[in-house]
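Residue numbers (the working numbering): 335 to 1025.
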C-alpha cells in the first residue's frame, strides 16, 4: 500500500508523476480548486476585514470525499499544485479541507514534469507560502467586490447577463479608444519616387531622398513635379558608399505573453487555444516506450530566465547539430522585465535534445506546431547572433539625391533555425546591390512617382492587445486568455477579420463605468493595483490594507451610481425586411457568435436568420441562386448559395464575378503568403498574385 499521498490538479499530471515516484506514492487529482466563494452571493464580509466565505464547489463533494479517505490512510500528504499564486491557493484550500498542517513540509513545487525535476522537488518540500496565498486571495476578493457590485447595476440599468471587471474593463477601453482614434483620423497625402537603375547588366532600385544633402518630404504632386524638372539626363553619379557590418541578436525564450503573441502571428492560434495546448504539453504526453512525459516547462510565467542545465544541454545540441560557430559564446538567460515576478523559468522544452520531428507520431497537429514553435524559439535564443552586411549608396543627378540601401546575411547564426514574427512589418528581406564605389556612373531606367496616404492606427489583434496590456502592466500571464474570452462572450467586442471592434453594447457599458467608476477603467490605477498585489506576494504589505484602501472609495462611487445611473434602453436596429413567418419587422440582435436577424415579435415568433451579404456572383452549381457571404459559428467567413438547403454550394475562398478565360469555370480569390491569387476551381488557370 502507498505510504504517501500526492495531490495535483489534473489526472494527466497525476498519471505522469505517479510513474516517476514509484510504488510508495499514490498520486490523485483535485480537478482544480475544491473550494471557492459562493456564486449566489458576495461571499466577502466587508464589515469584518473582508473575510472570504469559502464553500465546497458544487460537484466537488465526491472528489473531496475520495481525497479525505486517501489522506487518512497516508503517512504524509504532499500538495503539488502548479508553481504560482493560483497553485499555492489550491494547495492551501486542500490543506484546510484535509486537515493538513500548512506549517509542515507539505508543499512541493516543480517547474517541469520530468523524472529528475520531480524527484529533486520531493527532496525539498516546504510549508505553504502564505504570502502567495494572500496575493491570490486579495485578487479574488478584489474581483468579487468589483464584479458582484457593478454587475447587478448593469443588469438593472442596461440588460441582464452583463459583467464588469478590472482587467476586462481596461481591455474594452483600449479597444474603444483605438476605434475613436481610427474614426477621428484624417489621412495626409504624401508621395515617393522610386527609380530603377542599372550598373552594367545588374539592376537595382533606389528612392528619392532629398535635394543636395537635405532630406525633402514630398507632400503633393507639385513637389514631385519640381523634383522631376531638376533631373538632367539619365546618368547618376555615385557620391557616397557606406558599408557596415551589423549584428542581429535572437529573441529571448518565451514568456506567457510572447508565446500567445507569436502563436497568433505564426500559427493563427487564439490565446485560449494556445494556453490549452501548452497545458497539455506541460502536463505530459504519452511517448510510447518512454511513457508519459512533460514536454515543456510551466507555461504561466513572465520571466525569460533559464536554468544552467538547460543552457548547457542546448549548447551541446547546437554544437553537434550546427557547428561550434553557431553556439553563443555566452549562453543567454534573457533579460528580466522590471515588472516580472521571476518565480520560475521561461517556457522552454524540458529537453533540448527532443526534436519536434521525433514527436510527430505522438502529438496532434496543433500540439506539434506549438511544441515546434517553443523548441525552435528556445534553441535559437541560445545561438550566436546573425551577422548582416549592410550597404547604403547615394546617387546624385545635379542636386537631386536618390538613396539605395541593401543588406545580405553574411552569417545566419540563429536565423538558420528561427526568426521572430512581427505584427505589421514584413520580415527583413535581403536586398542585393551591385558592387558600387564612389565615382561610378549608373543609368536610370525608370522613374515611378507614387501617391500615398497616411494610415490610421491598426485595430487590435489578440496578439497586439496582449502585448499592450503587458506593456501597461495590466493583468498577469494567467489573466490574458480568459480576459479576451470574457469580453467577447459578453458581447462588448467582436472579432472582424481577426481584429477587435467594439459593439454598441460595449460602448454603452464603458460609458457608464467611466462616469461612475473612473478608477476601474483607469490604466494607471489598474496597473498600480497589480503592483500592490505583487507587494502582497513579496510579504511587504498586508492584503486587507490593499483591499480596504480600494473599497472605501469604491463604496462611495457605488452609492452615487445606485442613485444617479439612468436606465438605458438598447433599441434593436431594424434589419430592413419582414419576417417570412408572421410578417413582423426583422431586427438585428447580438448573440454569442455576433449579430444575427430575429423577428421583432419575439417570443410569439422565434424566427431567426443569419446575416448574409450578396457578393454579386451567380451560383455556379444551381445557376439560380446568388453567392452570399456567411459566418460560421467560429466566425470564419465562407461563401454559399442563398438557395441553401436546396443548393449546397460552399466555398471558403471568395468567388470572383467573371468566368475563367480558359474553361469558363468559377474563379476564386486564394489567400497566399505573397498576396491574393485568382485561381480557377476547375482547371489549372492562375493569375499573378496581388498584394
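Ideal Cβ placement from N, Cα and C applies to all residues, glycine included.
Item	Value
Cβ neighbour criterion (16 or more within 10 Å) applied to residue 489	exposed
Pick from 372, 972 and 448 that is closest to residue 626, judged by C-alpha positions	448
Beta-carbon separation (whole angstroms), residue 684 vs residue 636, contact threshold 8 Å	That belief does not hold up - the Cβ atoms of residue 684 and residue 636 are roughly 20 Å apart, past 8 Å.
Where residue 676 falls, given that 16 or more other Cβ within 10 Å makes a residue buried	Low per-residue confidence applies at residue 676: pLDDT is 44, beneath 50, and the placement is therefore not dependable, though the value from the model is reported in the following sentence. Counting Cβ neighbours within 10 Å, residue 676 comes out exposed, since fewer than 16 surround it.
Identity of the residue in 939, 382, 603 and 755 nearest residue 699 by Cα	603
Nearest to residue 907 (by Cα), restricted to the options 805, 443 and 838	838
Residue 621 (DSSP reduced to helix, strand or coil)	coil
Cα-Cα separation between residue 984 and residue 712, rounded to whole angstroms	42 Å
Residues near residue 527 in its chain [Cβ-Cβ closer than 6 Å; skip 5 each side]	542 and 783
Reference residue 442; option with closest CA among 964, 754, 456 and 431	456
Helix, strand or coil at residue 632 [DSSP, three-state]	coil
Local conformation of residue 654 per DSSP, three classes	helix
Helix, strand or coil at residue 986 [DSSP, three-state]	coil
Collapsed DSSP secondary structure at residue 1019 in the structure displayed	coil
Rounded straight-line distance, which links the Cα of residue 454 to that of residue 579	46 Å
Burial state of residue 834, where buried means 16 or more other Cβ atoms lie within 10 Å	buried
Coarse secondary structure for residue 412, derived from DSSP in three states	strand
Nearest residue (CA-CA) to residue 1005, options 992, 996, 1016 and 988	988
Reduced DSSP secondary structure (H/G/I, E/B, other) of residue 946	coil
Helix, strand or coil at residue 796 [DSSP, three-state]	helix
Selected residue, minimal CA-CA separation from residue 717, among 587, 610 and 695	587
Option in 960, 974 and 959 with minimal Cα separation from residue 966	974
Counted within 10 angstroms of its Cβ, other Cβ atoms place residue 817 as buried (16 or more) or exposed	buried
When 476, 707, 494 and 341 are compared against residue 421, the one with the closest alpha-carbon	341
Where residue 540 falls: helix, strand or coil (DSSP)	strand
Ranges of the beta strand (DSSP E) found wholly within the stretch 802-850, counting only runs of at least 3	827-830 and 833-836
Where the alpha helix (DSSP H) containing residue 855 begins and where it ends	Note, residue 855: premise wrong, no alpha helix (DSSP H); not H, not E.
Identified DSSP bridge partners for residue 908	921
Check: residue 557 C-beta below 7 Å from any heavy atom of the ligand PLP	For the ligand PLP, the structure offers nothing, since it holds no ligand at all.
Span of the beta strand (DSSP E), counted from its first residue to its last, around residue 570	569-582
Residues near residue 760 in its chain [Cβ-Cβ closer than 7 Å; skip 5 each side]	Confidence at residue 760 is low in this model, with a pLDDT of 45, below 50, so its placement is unreliable and no value can be given for it.
Which residues DSSP lists as bridging residue 974, in chain order	962 and 984
Alpha carbon of residue 790 to alpha carbon of residue 486, nearest angstrom	37 Å
Helix, strand or coil at residue 734 [DSSP, three-state]	strand
Entirely enclosed alpha helix (DSSP H) segments - the stretch 458-532, minimum 4 residues	464-491 and 500-518
Residue 719 versus residue 754 - alpha carbon distance	13 Å
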